[in-house]
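Reading through the structure tokens given below for one structure.
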Amino acid sequence: MKKSVIIQIVVLALLTLSTSSFAQTRSKHFSYKDFVDKTENLEPGASIKEVKKIFGDPYKIAFIKVDNVVYKQYSYKTNSTSQQSTYITYNFIFEQGKLIALLEDENYYEGLQIYKNHLTLDLLKKEILE
0 MKKSVIIQIV
10 VLALLTLSTS
20 SFAQTRSKHF
30 SYKDFVDKTE
40 NLEPGASIKE
50 VKKIFGDPYK
60 IAFIKVDNVV
70 YKQYSYKTNS
80 TSQQSTYITY
90 NFIFEQGKLI
100 ALLEDENYYE
110 GLQIYKNHLT
120 LDLLKKEILE
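FYI, in numbering that gives the first Met the number 0 the residues of the sequence shown are 0 to 129.
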């Protein structure tokens, strides 16, 4: 239970503080369908190398070290095929180089309005883990 809470805090920190230490690299945007198709065979425990082999270079990398454990976040953007201008960022969270979570952050635009729809660890904890 304690480890679960620590992991949730670390992942939340990565998501909210990812601007504190990140590297931008060459990346490509996927269509939503292509991205979802590629995630079908991906399982927790996959290595960073395996994820990069499937998805290529992320557009953003963030990391944090807590109690001598390194957590990394690799972020990839997708474009939706809907009528709206929708962009979804998928955040792969790694603990010591192994995939432990895949979270998403969706932004869509209607006219001048920008809407956000994202899964936060707080919501995940309240709705699923408790």
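Positions of the beta carbon are idealized from the N, C-alpha and C atoms, including for glycine.
Excluding the five sequence neighbours on either side, which residues of its own chain have a C-beta within less than 6 Å of the C-beta of residue i, listed in chain order?
| i | result |
| --- | --- |
| tyrosine 108 | Ser84 |
| valine 50 | Phe91 |
| tyrosine 75 | Phe54, Pro57 and Tyr89 |
| threonine 34 | In the sequence as displayed, the identity of residue 34 is phenylalanine instead of threonine. So the list reads Thr77, once near-sequence residues are dropped. |
If residue i sits next to residue j, beta carbons under 8 Å apart, how far is it from one beta carbon to the other, in whole angstroms?
| i | j | result |
| --- | --- | --- |
| proline 43 | isoleucine 99 | 6 Å |
Taking 7 Å as the limit between beta carbons, can you name the residues of its chain near residue i, skipping five residues before and five after?
| i | result |
| --- | --- |
| serine 46 | Gly96 and Lys97 |
Relative to the alpha-carbon of residue i, which residue among the options has its alpha-carbon at the smallest distance?
| i | options | result |
| --- | --- | --- |
| lysine 71 | Lys32, Asp56 and Glu94 | Glu94 |
Which residue marks the beginning of the alpha helix (DSSP H) containing residue i, and which one marks its end?
| i | result |
| --- | --- |
| glutamate 49 | 47-54 |
Give a yes or no on whether the C-beta atoms belonging to residue i and residue j are separated by under 8 Å.
| i | j | result |
| --- | --- | --- |
| tyrosine 58 | threonine 77 | no |
| lysine 37 | isoleucine 60 | no |
| valine 69 | phenylalanine 62 | yes |
What residue range is occupied by the uninterrupted beta strand (DSSP E) comprising residue i?
| i | result |
| --- | --- |
| glutamine 72 | 68-78 |
| leucine 41 | Note, leucine 41: premise wrong, no beta strand (DSSP E); not H, not E. |
| tyrosine 86 | 84-94 |
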